[in-house]
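Trainee: Before I ask anything, let me first share the structure, which is written out below as structure tokens.
Residue numbers (full-length UniProt numbering): 1 to 312.
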């Protein structure tokens, strides 16, 4: 290479998920159905929370924002993956790859903070029910939301600051269906050991640290409830299992991808599909399955929408 340190790669070739026509057809039907259901489910949660006065509380405010982020998680990688399934040559431009990486880490960072905020909300509701409305003021909810977006943006920009100017002179083949830092960095025409360590330290440690903070906080809540069980805490505790399930589903794939040095290609792709396609679809199901108040409100909104369509 010359001393200009300039990239000569203008696009990356994505190998996708499989070359089998039958499996591609199955993946298309599966991914498209799940993507549409995820968009509809999360949109319905947002519409229900904003339109129903009974749900204007901190817990549902945070849930609506989580649904908004899940819309972003679904849309960052899924549409292109679905579009590319039947294309022989799957490509993404260099700038498109950078933009995809940027938004993946923005929405990931925001979701981490929102899950922590939701855990704090459950802690206050269960352990300090008499002070819930005093502690979980609207101002605190807004601060949580601002902190989430600031964390996501700063996290993503810090990641990209170290890799956006890397030299790429070939090869330009990514054995994946989307761009992300671990495989992207390996294609650079320079020694990337320190950068790979930085990615692990940034994304990996954040994922592992946040996961253990959340699990420990939920364990403390469970222990508190066991010591002083009440009817008021029973209702708040009914949503706790849903929160724990979502945390495990969200952080499990992240921890493996960013802390396991060399996961197998098949495992990596499975985890990517799970995190990008399935998790945003499962979140609205998990959060509404055991929440009678949300289910009643959603049925009410659906009836209103049906009646509105009949009138119009």
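Glycine included, every Cβ here is placed at the ideal spot set by N, Cα and C. Note that the structure is predicted; figures quoted are calculated from it, not measured.
Across which residues does DSSP place residue 14 in a beta bridge pair?
Mentor: Looking at the DSSP assignment, residue 14 forms a beta bridge with 174.
Trainee: Between the Cα of residue 97 and those of 30, 174, 225 and 50, spot the shortest distance and give me the residue it belongs to.
Mentor: Of the listed residues, the one whose Cα sits closest to residue 97 is 174.
Trainee: Looking at the ligand MN, does it come within less than 7 Å of residue 45, judged from the CB to the closest heavy atom?
Mentor: The ligand MN is absent from the structure shown, which contains no ligand whatsoever.
Trainee: At 4 residues or longer, and completely inside the stretch 110-166: list those alpha helix (DSSP H) runs for me, N to C.
Mentor: Listed in chain order, the complete alpha helix (DSSP H) runs (minimum 4 residues) inside the stretch 110-166 are 132-135 and 138-161.
Trainee: For the candidate residues 10, 19 and 48, whose alpha-carbon lies nearest to that of residue 177?
Mentor: Ranking 10, 19 and 48 by Cα distance to residue 177 puts 19 first.
Trainee: Tell me the rounded alpha-carbon separation between residue 89 and residue 9.
Mentor: Distance between the alpha carbons of residue 89 and residue 9: 16 Å.
Trainee: Is the number of C-beta pairs between the stretch 284-304 and the stretch 48-67 that are closer than 8 Å three or more?
Mentor: The answer is yes - the stretch 48-67 touches the stretch 284-304, with three or more Cβ pairs under 8 Å.
Trainee: Measuring CB to CB, does residue 199 end up less than 8 Å from residue 171?
Mentor: Cβ distance not < 8 Å, so residue 199 and residue 171 don't count as in contact.
Trainee: Suppose the cutoff is 8 Å on Cβ atoms and the five residues either side in sequence are ignored; what does the same chain contact list for residue 4 look like?
Mentor: Confidence in residue 4 is poor, its pLDDT being 43 and thus under 50, which makes the residue's placement unreliable; the coordinate value appears in the next sentence. Once the five neighbours on either side are set aside, residue 4 has no close Cβ partner at all.
Trainee: Does DSSP put residue 49 in a helix, a strand or coil?
Mentor: Residue 49: helix per DSSP, three-state reduction.
Trainee: Using C-beta distances below 7 Å, list every residue in its chain close to residue 217, excluding the 5 sequence neighbours before and after it, in chain order.
Mentor: Answer for residue 217: 119 and 123, listed in chain order.
Trainee: Can you grab the Cα-Cα spacing for the pair residue 277 / residue 167, in whole Å?
Mentor: So the alpha carbons of these two residues sit roughly 31 Å apart.
Trainee: Put residue 247 into one of helix, strand or coil per three-state DSSP.
Mentor: Correct three-state label for residue 247: helix.
Trainee: Which partner residues of residue 92 appear in the DSSP bridge assignment?
Mentor: Bridge partners of residue 92: 12.
Trainee: Does the beta-carbon distance from residue 109 to residue 155 come in below 8 Å?
Mentor: Yes, they are a contact pair.
Trainee: Just reading off the alpha helix (DSSP H) that residue 320 is part of, what are its end residues?
Mentor: With the chain covering 1 to 312 only, the question about residue 320 has no answer from this structure.
Trainee: For residue 240, which three-state DSSP category applies?
Mentor: Correct three-state label for residue 240: helix.
Trainee: Excluding sequence positions up to five away, which residues of its chain have a Cβ less than 6 Å from the Cβ of residue 111?
Mentor: Cβ neighbours of residue 111 beyond the five flanking positions: 69.
Trainee: According to the neighbour-count rule (16 or more other Cβ atoms, all chains shown, within 10 Å of its Cβ), is residue 292 buried or exposed?
Mentor: Exposed.
Trainee: Per DSSP, what kind of secondary structure is residue 85 in: helix, strand or coil?
Mentor: Residue 85: coil per DSSP, three-state reduction.
Trainee: Considering only the beta carbon of each residue, do residue 298 and residue 44 sit closer than 8 Å?
Mentor: In this structure, residue 44 lies closer than 8 Å to residue 298 by Cβ.
Trainee: Below 8 Å on the Cβ atoms is my guess for residue 26 versus residue 17; work out the distance and round it to an integer in Å.
Mentor: Between residue 17 and residue 26 the Cβ distance is about 10 Å, and since that is not below 8 Å, they are no contact.
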